[in-house]
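For what it's worth, numbering that gives the first Met the number 0 labels the leading residue of the sequence shown as 0, then goes sequentially.
First the structure, in the form of structure tokens, and then the observations on it.
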Amino acid sequence: MVPAIKRAIHEHELEIKSKQAEAAQHESEKKYKDFVNEVNDGYFITNDQGIIVFANNTLAKILGFTSPEKLIGQFSSEDNKTNYVQRVTHIFKNIIENKKKVNGQEMEVVLIDGNTIYIEIKAIPVYNNQIFTGMQGVVHNITERKLAEINLKEKNEQIEAQNVKYLQLNQELAFQNIEKEKRAKEYFMLNEELIESLINIQKVNEELNIAKVKAEESDNLKSAFLANMSHEIRTPMNAIVGFSGFLLNPELAKDKFTDFVEIINASSQQLLSIISDIIDISKIDAGQINVDLELVNINNLLNELFVIYKKVVELKKINFLYLAGNPNDLIQVKTDGNRIKQVLCNLLNNAVKFTKEGNIEFGYKIKESFIEFYVQDTGIGMAPENHELIFQRFRQVETTLAHVYGGNGLGLSISKALVEKLGGTISVASELGTGSTFNFTIPYLKEVGNIANPLLTNEPGLYINWNEKTILLVEDETINHAYIEEVLLFTKVKILHAWDGQEAVEYVKNHSDISLVLMDIKMPIMDGYEAVRFIKQMRPKLPVIAQTAYALIDDKAQMLNAGFDNYISKPIPKVALIELISGYIC
């Protein structure tokens, strides 16, 4: 083929991939903007001068503007009402004076139409390379709450004045010489009415205080959820935006281009998964969640989940069990198999996340007219008072769990709604420190007769035989352990698993049969650079290959200079990994 034609084809392929990545980025950004525009609170971003550079529809509506564009820049005046524009501008310029976090600043705002509203502003400073670039935050309309507080205060003042009046009346009556029985009875009745009135007033005050506490708790939950969602969404967005910029480099190598496109696609899928959870919970609120009924083979569905999770769970050195109520029968139910799988995946993901040792077991039992599924673990468990709490949206048993274990707090809430939509119920049995058992049911009506169900089979590969070799895999992500083990399964090689650099050094010290080390770079306790230095001191000729998400030229040079014999970039292709290892242990 003529070189010019080859070059043209290559450039055309690059252009197609670039456009696909750009389309994925645009779709993710659109969904993010649509989501921001639909939230109930106002959202804004300013520059370092306090001038708004982004605002959502809700903020414009709260401040009385016809569209978010009216808020951006220096503000465009409407009907020469510049005084109001200047007042609104002043609000956001004051926020950045100290360049510090604003946590619940309440303000009174007189709108263009003369109406007064009350707002609460929460904002944080934004830095780029330690340079202050502005603020971002949310504006919550607290007018209803403020008016309720003002009304409550006025009523309390009226009640206090009334109480003073009643007290004065009681004192007057107490010191009067009650000469007639009729007057005594009237006094007694009046006193009874006063006591009853005070009891009613106390009840009203308690109800108002409870309502106020609930309103404040709801506001705090929403704020925490928005902050968590901002972090969850910005993480994949950072990869999408960052690596999309690299694709514009005309001198970018083809292998890097492919890696960057795959990273963008993976990050887009992560972002879409987060948005899907938000859309699901929104549909549940609107009563628009749908189920697609079809015949579902229960044993096949759970067998698939067992195969998917077996590697992940066992790599954490946790026993993984699957118990079917009727393993050899064809159990078919007319239901939504995807929704059942979604619920089971949520429960299994939580079990894996919160279990460090012991067992994870799942399965089902047939009980009269329904099937009961269960997921049981020996994880951290929870106190009985939190059993109902975990099924509420945006909630986790402890706030700190969101930082330690991650997640957006929607999984169990969505699972509860889906199970109820399928006609069942969901519950949990757990004690703190003793693990948890989640159960959920769906109706069971036999659609066909039961027949024998063939067992799943695995077809091993026979291309390479490394049964006398041992590879040490050093990686802190369980999914990566599962992937590498699956890739190397057909080679029959023995794999040892280490989860940080320090553990890897101990393995090399105590296992002279190790033929090669696959080492991640970024790990807790001891990273790959420090670990390879110790390993090479003990066994200088032992091959150590870096497996890393870093792909820049300087990073690769740093790996080789640090003592690694070679490197392979994530995502790791199967064929490339086999070929690389073959060069060292065959």
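Cβ atoms here follow ideal geometry from the backbone N, Cα and C, with glycine treated the same way.
Quick caveat, the model's predicted, so the values are computed rather than measured.
The C-beta of Leu417 has 16 or more other C-beta atoms within 10 Å across all chains shown, which makes the residue buried. Our two residues, Gln85 and Val101, have alpha carbons roughly 21 Å apart in a direct line. Under DSSP, the beta-bridge partners assigned to Met106 are Ile118. DSSP, reduced to helix, strand and coil, places Gly133 within a strand of the structure shown. For the pair Val531 and Ala497, the CB atoms are not nearer than the 8 Å cut-off.
Residue environment: Met558 is assigned as buried (16 or more neighbouring CB atoms within 10 Å of its CB, all protein chains considered). The residue among Phe353, Asn162, Gln161 and Gly324 with its C-alpha nearest the C-alpha of Ile370 is Gly324. DSSP, read as helix, strand or coil, puts Glu360 in strand. Secondary structure of Gln391 (DSSP, three-state): coil. For Glu261 and Pro570, the gap between their C-alpha atoms comes out near 8 Å. Here the alpha carbon of Trp465 sits roughly 28 Å from the alpha carbon of Lys521.
Between Glu476 and Lys310, the C-beta gap is not smaller than 8 Å, which leaves the two residues out of contact. Non-local C-beta neighbours of Met525 in its own chain, meaning closer than 7 Å and more than five positions away in sequence, comprise Asp499, Gly500 and Gln501, ordered along the chain. Asp519 carries a strand assignment under DSSP once its states are collapsed to helix, strand and coil. Runs of beta strand (DSSP E) with 3 or more residues, each lying fully within the segment 301–382, are found at 318–322, 331–334, 358–366 and 369–376, listed in chain order. In the three-state scheme derived from DSSP, where H, G and I count as helix and E and B as strand, Asn299 is classed as helix. Taking C-beta atoms as the reference points, Gly434 and Gly378 count as a pair closer than 8 Å.
Annotation: the continuous beta strand (DSSP E) that includes Gln546 extends over Val543 to Thr547. At least 8 Å separates the beta-carbon of Ser429 from that of Asn438.
Rounded to the nearest angstrom, the gap between the Cα atoms of Lys555 and Phe533 is 20 Å. Looking from the CA of Phe91, the closest CA among Ile118, Ile111 and Asp112 belongs to Ile118. If you look at Ala416, you'll find it in the alpha helix (DSSP H) that goes Gly410 to Lys420. For Leu472, no alpha helix (DSSP H) segment is defined; the enclosing uninterrupted segment is the beta strand (DSSP E) at Thr469 to Val473.
Listed in chain order, the non-local C-beta contacts of Gly432 below 6 Å within the same chain comprise Gly380, local neighbours out to five positions each way being set aside. By the CB criterion at 8 Å, Gly41 and Leu58 fall inside the cutoff. With a contact defined as Cβ atoms closer than 8 Å, Lys340 and Leu294 miss out at about 15 Å. Ser66: not part of any alpha helix (DSSP H); DSSP gives it neither H nor E. Counted as a single uninterrupted DSSP element, the beta strand (DSSP E) harbouring Ile567 occupies residues Asn565 to Ser568. Sixteen is the threshold: when 16 or more other Cβ atoms of the shown chains lie within 10 Å of the Cβ of Val492, as they do, the residue is buried. Here DSSP, grouped into helix, strand and coil, assigns Pro539 to coil. Under the 10 Å beta carbon count, Pro249 is surrounded by fewer than 16 other beta carbons and is classified as exposed. In this structure, DSSP gives Lys491 a state outside helix and strand, which the three-state scheme calls coil. In this structure, Met106 and Ile120 form a Cβ contact; the two beta carbons are roughly 7 Å apart against a cut-off of 8 Å. The C-beta distance from Ile584 to Lys468 rounds to 5 Å, short enough to meet the 8 Å contact threshold. Taken atom to atom, the span from the alpha-carbon of Tyr566 to that of Leu70 is near 51 Å. Non-local beta-carbon contacts of Glu10 in its own chain, meaning distances under 7 Å to residues more than five positions away in sequence, are absent.
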